[in-house]
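What follows is a single structure, written as structure tokens, with notes after it.
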Amino acid sequence: MAIQPIKGGTDEPQPRLREKELLMSLDKAGANASHAERNLMPSEEEILGVLRKAEETAKVFGRDLKFQYRKEADIYQVEVIDRREDKVVRKIPPDEIVKLIENINKLLGILFDDRF
Numbered sequence: 083m084a085i086q087p088i089k090g091g092t093d094e095p096q097p098r099l100r101e102k103e104l105l106m107s108l109d110k111a112g113a114n115a116s117h118a119e120r121n122l123m124p125s126e127e128e129i130l131g132v133l134r135k136a137e138e139t140a141k142v143f144g145r146d147l148k149f150q151y152r153k154e155a156d157i158y159q160v161e162v163i164d165r166r167e168d169k170v171v172r173k174i175p176p177d178e179i180v181k182l183i184e185n186i187n188k189l190l191g192i193l194f195d196d197r198f
């Protein structure tokens, strides 16, 4: 008398269960990634706090900081100003870099957007 092995229903569903677990973990990872991407951008409050600290630090060294938004380059430029002489000591990033970024944005606009 030969004993026949019993085939249970657990052999086939396991791969499907693993697939579901994998898909669920990928969905969670994707959700976490998009949440992390949102958190990469600092809030306006955080930016203002950092700017205040930078201005306070600059004053200790007899300098003032002036922040300018350069629209065409879509960046902020910082001017370091000597208080005693009331002249610009340095620009970060330099005007040349800002101009380069502006020109690249124009070129990209011409190639892809037809905005310019």
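Numbering (this note's numbering), first residue to last: 83 to 198.
Idealized CB from N, CA, C, for every residue including glycine.
In this text the structure is predicted, and so the values were computed from the model without any measurement.
- Query: In chain order, what residues of the same chain lie with their CB nearer than 7 Å to the CB of Arg165, ignoring the 5 residues before and after it?
  - Reply: By one-based count along the sequence shown, residue 165 stands at place 83. The residues Gly144, Arg145, Asp146, in chain order, have a CB closer than 7 Å to that of Arg165 in the same chain once the five nearest residues on each side in sequence are set aside.
- Message: Suppose contacts are defined by Cβ-Cβ distances below 8 Å. Is Lys148 in contact with Ile129 by that definition?
- Response: Indexing the sequence shown from 1 puts residue 148 at position 66. Indexing the sequence shown from 1 puts residue 129 at position 47. No, these two residues do not count as a Cβ contact at 8 Å.
- Message: Alpha carbons only, please: which of Val170, Lys135, Glu184, Val132 is nearest the one belonging to Ala155?
- Response: Translated into positions along the sequence shown, residue 155 becomes position 73. Considering only alpha carbons, the answer is Glu184.
- Query: In chain order, what residues of the same chain have a beta carbon less than 6 Å from the beta carbon of Val170, not counting five sequence neighbours either side?
  - Reply: For the purposes of this step, residue 170 is taken as residue 88 along the sequence shown, with counting starting at 1. Beyond the five residues adjoining it in sequence on each side, Val170 comes within less than 6 Å, by CB distance, of Glu161, Ile163 in the same chain, given in chain order.
- Item | Where the beta strand (DSSP E) containing Arg166 begins and where it ends | Taking the first residue of the sequence shown as 1, we reach residue 166 at position 84. Note, Arg166: premise wrong, no beta strand (DSSP E); not H, not E.
- Could you tell me the distance, in whole angstroms, from the CA atom of Arg172 to the CA atom of Val142? Position 90 of the sequence shown, counted from the first residue, corresponds to residue 172. Position 60 of the sequence shown, counted from the first residue, corresponds to residue 142. If you take the alpha carbons of Arg172 and Val142, they lie about 17 Å apart.
- Residue(s) in a DSSP beta bridge with Leu182: Counting from 1 along the sequence shown, the entry for residue 182 is found at position 100. Its beta-bridge partners do not exist; DSSP assigns none.
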